[in-house]
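S.K.: Protein chains in written order, with my numbering: chain B, 1 to 224; chain P, 225 to 448.
Glycine included, each C-beta is placed from N, C-alpha and C at the ideal position.
Protein chains: 2
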Amino acid sequence: MTEKVKKSEETRGRILEAALAVFRERGFEKATMREIASGAEVAVGAAYYYFDSKDAIVMAFYERAQGTMHPAIEAGLDEAKTLEARLRVIVETKFQYFAPNRKLLAALTSNIDPENSLSPFSEATASIREQDVASFERAVTESGVKLPPAVRPYLARLLWMYQMGLILFWVYDKSDGQSRTMLLYEKTLKMLLMTLKIAGLAIFRPVHKLAGELLDVVYGTPTS
Amino acid sequence: MTEKVKKSEETRGRILEAALAVFRERGFEKATMREIASGAEVAVGAAYYYFDSKDAIVMAFYERAQGTMHPAIEAGLDEAKTLEARLRVIVETKFQYFAPNRKLLAALTSNIDPENSLSPFSEATASIREQDVASFERAVTESGVKLPPAVRPYLARLLWMYQMGLILFWVYDKSDGQSRTMLLYEKTLKMLLMTLKIAGLAIFRPVHKLAGELLDVVYGTPTS
DNA sequence: CGTATTTCTTGAACGTGTTCAGAATATAAC
DNA sequence: GTTATATTCTGAACACGTTCAAGAAATACG
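#1: Residues of chain P with a CB under 8 Å from the CB of B:P153: which are they?
#2: List the residues of chain B that P:M418 touches, going by C-beta distances under 8 Å, in chain order.
#3: Out of curiosity, what's the CA-to-CA distance linking P:R376 and P:G424?
#4: For a cutoff of 8 Å on Cβ pairs, would you count B:T2 as touching chain P?
#5: Which chain P residues are close to B:P114, counting only those with a beta carbon under 8 Å from its beta carbon?
#6: How many angstroms separate the CA atom of P:L371 from the CA atom of P:E265?
#7: Is the CB-CB distance between P:V246 and B:L184 below 8 Å?
#8: Taking only three categories from DSSP, how would you classify B:N101?
#9: Which residue wins for smallest C-alpha separation from B:A126, given the options B:Y62, B:D52 and B:T188?
#10: Can you give the Cα-Cα distance for P:L390 and P:T333, rounded to whole angstroms?
#11: Do we get a CB-CB distance below 8 Å when we pair P:A330 with the residues of chain B?
#12: Excluding the 5 residues preceding and the 5 following P:S399 in the sequence, name in chain order all residues of the same chain whose CB lies nearer than 8 Å to its CB.
#13: Helix, strand or coil for P:K228, going by three-state DSSP, please let me know.
#14: State the Cα-Cα distance for the pair B:A80 and P:A243, rounded to the nearest angstrom.
#15: Between which two residues does the alpha helix (DSSP H) carrying B:F169 extend?
#16: Would you please verify whether the beta carbon of B:S127 is less than 8 Å from any beta carbon of chain P?
#17: Just to make sure I have the definition right: I need the residues of chain B whose C-beta is within less than 7 Å of the C-beta of P:E437. Which are they?
#18: Can you tell me which of the three DSSP states P:E253 falls into?
#19: For a quick check, are the C-beta atoms of B:M191 and P:A435 less than 8 Å apart?
#20: Do P:P324 and P:Y378 have their beta-carbon atoms positioned less than 8 Å apart in this structure?
#21: Classify B:S76: buried if its beta carbon has 16 or more other beta carbons within 10 angstroms, exposed otherwise.
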């Protein structure tokens, strides 16, 4: 039993791999289920036996990716000392892991309708999102960031949003080696840390209140 | 010639209206071209004679909407005195005009891939976008907003982004009468004006430089 | 007027994602 | 080992957006 992978698991894997190969070669949109099935040497119906839809195959990829990335991120956070280092661990682990599949990622980011299962804001991606937010929360907490209590509860989710924006820019970045994204990353990260540092200053008192109210509208009343 | 609409124009209009009716009733995705065609009492082929694709019908709606909204906005800007009033003119004209078609708007906002013609970032929507940005530029210029030169050239585009975010939130806002969006709108607008007011302060000197560089990465070197 | 040309319209047909009744195969029960 | 059940797999069929060859209607031309 140690070596043997159950036959059906093997088939499922073959379909997933065949799909990823076609996705990488032709892009998600242009890939056809018939092509995927024939690549995996099964009938189309078999692909639908293992995956509910074409989207679901991408979802399976995403879940597998998260399964690899999340432990890597958690391990990275164990080592990192500063907030900057911790944020870099999260963002760069993602860039690194997704790099070979950057274009496939477009299927996961192109649609922002929360009803669409592949949307970064969907129900279907909620648990992955929450894992990520938890990593950001850990990064922030362990760094002992001081922020006004009106805003602090939302910080992890805001950082998740920042990271999502970065990934989005990256996915559609046509510059060589996505150098524009790397520039943007360095500058926004620096600016972010700068902002967190001065955010507690007295001039911002009126801003804090408003920001808190506003975040409450978007995310709901903070529970923690 | 004064009264008479050319026959083909009449047909095109009938198809567009039939399409909008179906879109409003069943949503963009679930609407079928056969349904639209039969609603307009033509064959499917006729719909494709007037519109390149299902997407193109939504595009025609968007262009017509812009044709109505842009002059209304420009007229509103003539009257408005303060920056706040001017920004309100732009945002609220859009909300008002799009309200009956809020769900249809999802077809225009759900996809953010710039390659997708319906995306708010696409080539196809560029001219509409530029008209909007020009309105924001006018609102800012005429209000005599003072901002550090590193950031000022990007302000109109940033405001366009703000407005787009607001519309996006609105499209997917399920609260009664989209009250959450209205709350968000009021609070973010207030915060925006507050931020512009204090942005020139000395503490922000290091932020200005970074922000300018960062915006340069996103938008390219300012030409004006 | 007649006919040539352009404009408009038709509906069958294509490739797509997806479904499903049933066949094939594996597993369980005795 | 044989039968019953559960699992896996097949491929024809469906509805969809879209295309296109062919026809109908309008317009231009002489």
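M.R.: Let me lay it out:
#1: Ordered by position in chain P, no residue passes the 8 Å Cβ test against B:P153, which lies about 17 Å from the chain.
#2: P206, V207 and L210
#3: 11 Å
#4: The predicted position of B:T2 is uncertain, since its pLDDT is 30 and thus under 50; a value taken from the coordinates is nonetheless stated next. Judged by the 8 Å Cβ criterion, B:T2 is not in contact with chain P.
#5: Y396
#6: 56 Å
#7: no
#8: helix
#9: B:Y62
#10: 11 Å
#11: yes
#12: T405
#13: The pLDDT assigned to P:K228 is 48, lower than 50, so where the model puts this residue is not dependable; a value taken from the coordinates is nonetheless given after this. It is coil, neither helix nor strand.
#14: 56 Å
#15: L155 to V171
#16: no
#17: K187
#18: helix
#19: yes
#20: no
#21: The sequence shown places Gly at residue 76 of chain B, rather than the Ser named in the question. B:G76 is buried by the Cβ-count criterion.
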